[in-house]
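Chains as they are written, first to last, in our numbering: chain A, 1 to 82; chain B, 1 to 488. Cβ coordinates follow ideal geometry from the N, Cα and C atoms, glycine included.
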Amino acid sequence: MDEPRKHPIFMTLLALAALGSVPILFVGRPLVLWWGVPLWLWWSGGATVALSVLTSWGFARYWQVDEDEEPQDVAEREGKRG
Amino acid sequence: MGELGGFSRDVVLWSGGYCLLLILLGILGRRAMRERTLSDFYLAGRSIGFLILLLTLFATQYSGNSMSGFPGQTYRQGLAYFMSVTFMVGIVSGYTLFVPRLFRLARQRKYVTPTDFLADRFGSPALNYASATILTVTLFNFLLAQLMAMGHAFAGLTDGRIPYGVAVVGGAAVILGYELLGGMRAVAWTDALQGSMLLVGMMVVVGLLIWEVGPPGAVVSQLAALHPEKVANPGLATCAVWLSNFLLLGLGAPLYPQAIQRIYAARHARELRRALSVMALLPLVGITAVIYVGTVGLVLFPKLEGVAADQVTFKVLAYLAQQEPLAYYPVLVVMMAVVAAIMSTADSCLLSISSIFTKDFFGRLRRLPPERVEGLTRLAPLVSTVVMAGLVWIALQKGLTLWGLLVIKFEILIQLSPAFVLGTWHDRDDPRAFQGRDILLGLTAGLGTALGLYAAGFKSVGGFHPGTVGVILNYALVFAARAGRGRR
């Protein structure tokens, strides 16, 4: 069965987005406001949006479920196999 | 909370109506029960569809603390508490690490509690009891805190018309009532009601706040002029706390037993997948809105200190209702939703504690066969009643403070992360599979490190929580133990 964590590129992008949300690049720099909002917040916000959309997309893309299969069928078939 | 004035009478009336509705949902849940088994009582017969699943997962993840505590933290820390949006997304990202496989195994092997997976996967009685104990300690803590928060919220919102003690006892009785009647079905339906109230009410209130006070950019500009330190670039220490919180919540919160049991209770993988896909997007709206409320509070009420900062949500809501007549009922809905969120977190904790006692402790200690364990439905209500009565008694004791224990609950819970994440990596028979003793070694070291650092007075190590330090060591030791076994 496919699942998100079996895809290293996806998981790496997820980790990068998570790390990117930490505004470490702005430490020790002067505050810059852009449209009234600090630039570091735009940066962290952008990375957080990326993390959120990637997570959502990852579930939809990589968690493959047989659409025609009834849950009980899966349980019984795999129960016999197991 | 005297400024709530006119609200207090309406809150009393609405609370009464809400509690009656909860009992009605309990009765409906009872009528929907299909069989007298633990799976039917604790997991709604594994029949929860997409919408209810989404709303119950939402209500589980967003407790009353998210709605009143997060704005309070924003008030204290400023915009740096935007980290909460990231870590709330991180919780759903954390599910990618183990949920698809855990759901499939739960279906195949009929798991009811989180420990069922560990028992099936590792077959280590020591690990089973350690896990059940950690989960119980975490849930006891969490439930007790919710009971106390419920008492304070009712007393505050009704200006003392419902005193703390009456609110704790009455609220606990209502929760116990609908839970005993309808089990997980009643709990999930009440979660759905609470989640809908919170989502709709919060969106309307934030819309009205933007209309009344200004859009986020304008509010932040005002804040920058009033308190430049609250919008300043975060320092290195804040960045470390940010990362540590992300790890702590991203690895710890998906292990909440009540969250795992909702995963077990999903009707189909397709519906669970859709629910989690939507859940990943919700913090962008829900938590950003909460941060905005805290920021508005900083601009409107700049001199709150201590506990008063935690009441900033209610102050902003009361201000909005005074300024904008249209806002009265949406504000009332949000205030009720915050109380409802506390109650829904409490009911989820109680249901999970009851299942762990019944199945993990009683069932396993008596070594009952699976079919006998499934039939322990008479024990479940007894356990729920005894646990609730005990915790209500503790909540009524004067001078009780739990905050220290609350803070470390995640740091304890997160130590189970390798068991679930690495446990779902391989099949039991796979030669590369991690074994129970590897997991136990890591768990013991991680737990010892986290609690030891706390006991020694270290609340953080270079900005990192003791639990985060512990779980890094925990994972490292589990990998090292497997590698060592491979060499031998």
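Query                                                                                                                                                             : Result
How many angstroms separate the CA atom of B:Gln-73 from the CA atom of B:Ser-354?                                                                                : 32 Å
Does A:Pro-8 have its Cβ less than 7 Å from a Cβ in chain B?                                                                                                      : no
Who are the Cβ neighbours of B:Thr-158 in its own chain at under 6 Å, not counting the five residues just before and after it?                                    : Ser-8, Val-11, Val-12
Could you give the DSSP three-state label for B:Val-290: helix, strand or coil?                                                                                   : helix
Which residues in the same chain have their Cβ closer than 6 Å to the Cβ of B:Gly-195, if we skip the five residues on either side of it in sequence?             : Leu-55, Phe-58, Ala-59
If we call anything under 7 Å between Cβ atoms a contact, is B:Met-279 one with B:Trp-14?                                                                         : no
Cα-Cα, which of B:Asp-427, B:Leu-282, B:Ile-472, B:Val-241 is closest to B:Ile-414?                                                                               : B:Ile-472
Helix, strand or coil for A:Leu-31, going by three-state DSSP, please let me know.                                                                                : coil
May I ask you to report which of helix, strand or coil DSSP gives A:Val-37?                                                                                       : strand
What does A:Thr-55 reach in chain B if we use C-beta pairs closer than 7 Å?                                                                                       : Val-89, Val-92, Ser-93, Thr-96, Ala-280
Leaving out the 5 sequence neighbours to the left and right, which residues in its chain are closer than 8 Å to B:Gly-16 when beta-carbon positions are compared? : none
If you count every other CB in all the chains shown that lies within 10 Å of the CB of B:Trp-189, and 16 or more means buried, which is it?                       : buried
Run through the DSSP bridge pairs and tell me what B:Phe-464 is partnered with.                                                                                   : B:Val-461
Within the chosen definition, does the stretch 324-342 of chain B reach the stretch 198-213 of chain B through at least 3 CB pairs nearer than 8 Å?               : yes
Does any CB atom of chain B fall closer than 7 Å to the CB of A:Gly-161?                                                                                          : Shown here, chain A extends from 1 to 82; a query on residue 161 of chain A therefore has no answer.
Return helix, strand or coil for B:Ile-48, following the three-state DSSP convention.                                                                             : strand
Give a yes or no on whether 7 Å exceeds the smallest Cβ distance from A:Thr-12 to chain B.                                                                        : no
Using alpha carbons as the reference points, say which of B:Ile-52, B:Pro-283, B:Asp-120, B:Ala-32 lies closest to B:Met-67.                                      : B:Pro-283
Do we get a CB-CB distance below 7 Å when we pair B:Leu-243 with the residues of chain A?                                                                         : yes
Kindly indicate if chain B contains any beta-carbon less than 7 Å away from that of A:Leu-16.                                                                     : no
In the DSSP output, which residue or residues are listed as bridge partners for B:Ala-266?                                                                        : B:Ile-48
Does the Cβ-Cβ distance between B:Leu-181 and B:Ile-27 come in under 7 Å?                                                                                         : yes
Note down, in chain order, each residue of its chain lying with its Cβ closer than 6 Å to the Cβ of B:Ala-327, except the 5 sequence neighbours on either side.   : Leu-208, Leu-320, Ala-321
When you compare each of B:Ala-186, B:Arg-101, B:Arg-367 to B:Leu-422 by their alpha carbons, which one comes out closest?                                        : B:Arg-101
B:Ser-352 to B:Thr-115, Cα distance in whole Å?                                                                                                                   : 11 Å
What residue from A:Val-27, A:Ala-60, A:Leu-51 has the CA that sits closest to A:Trp-19's CA?                                                                     : Before going further, note that residue 19 of chain A is Leu rather than Trp in the sequence given. Per the Cα distances, A:Leu-51.
Got a sec: is the Cβ-Cβ distance from B:Gly-423 to anything in chain A below 7 Å?                                                                                 : no
Would you say A:Trp-40 faces chain B, with C-beta separation under 7 Å as the test?                                                                               : yes
Measuring alpha carbon to alpha carbon, tell me which residue in B:Gly-462, B:Val-293, B:Val-89 is nearest B:Gly-69.                                              : B:Val-293
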